[in-house]
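Accompanying notes for the structure given below.
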Amino acid sequence: MVTTISAPVTAQSETKAALLAYLDALALAEPIQARLWQLAHLTLTQVSVLRHLRSGPQTAGRLAELAGLSATSVSRLVDRLEKRGLVSRKRDAEDRRIVEVQLEPAGERLLGEAKVFRGSDLHHAVEAMSADERRRLTASLTRLVELTRELAIEREGRD
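Read in order, the letters of the sequence shown correspond to residues 44 to 202 in our numbering.
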């Protein structure tokens, strides 16, 4: 009888494995990003912001929070989207410091046309997963995003 001794799994090695798996997953988005740019001249981050605006106007600060970006980055991103007529800004009548960003019809149309995930290998792979696997993946990715954004906010508060 041969006995093998395996090295104990440490939090550090699990973290490394998770980060490497995440990098592999990010690489899967590259062809989708290229197609999105080819079709609509949009980045995945811009699409994310447009999607957040589908539920209604948002303040720039709230958009930054939802997209996990700094206020400066959101401001520049909204500038680019506004120049293309995809979003518009409106100052609050009572508090002029508050600026709401809203999705324009052209932005809504572009979101409807830019269905780059459908039919992709990534789309088919997610479809091939069991319902339980999809739920676990969604929950894990959502948790990763939440934790990362919370840590970024804490770091900004210390800086």
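For glycine and all other residues, C-beta sits at the position ideal for the given N, C-alpha and C.
| Item | Value |
| --- | --- |
| Can you check which of these residues, 129, 86, 156 and 61, is closest to residue 72 by C-alpha distance? | 86 |
| Which term fits residue 106, buried or exposed, when burial requires 16 or more other beta carbons within 10 angstroms of its beta carbon? | buried |
| Tell me which same chain residues have a C-beta within less than 7 Å of the C-beta of residue 145, skipping the five on either side of it? | 96, 100, 130, 131 and 133 |
| Among 109, 55, 65 and 61, which has the Cα closest to the Cα of residue 93? | 109 |
| Roughly how many angstroms separate the alpha carbons of residue 80 and residue 160, rounded to a whole number? | 13 Å |
| Secondary structure at residue 146, three-state DSSP: helix, strand or coil? | strand |
| How big is the Cα-Cα spacing for residue 139 and residue 125? | 19 Å |
| In three-state DSSP terms, what is residue 97? | coil |
| What are the start and end residues of each continuous alpha helix (DSSP H) run of 4 or more residues lying completely inside the region 163 to 199, in chain order? | 164 to 171 |
| Which same chain residues, not among the five before or five after residue 83, have their C-beta less than 6 Å away from its C-beta? | 153 and 157 |
| Just tell me which of 150, 135 and 57 has its CA closest to the CA of residue 123. | 150 |
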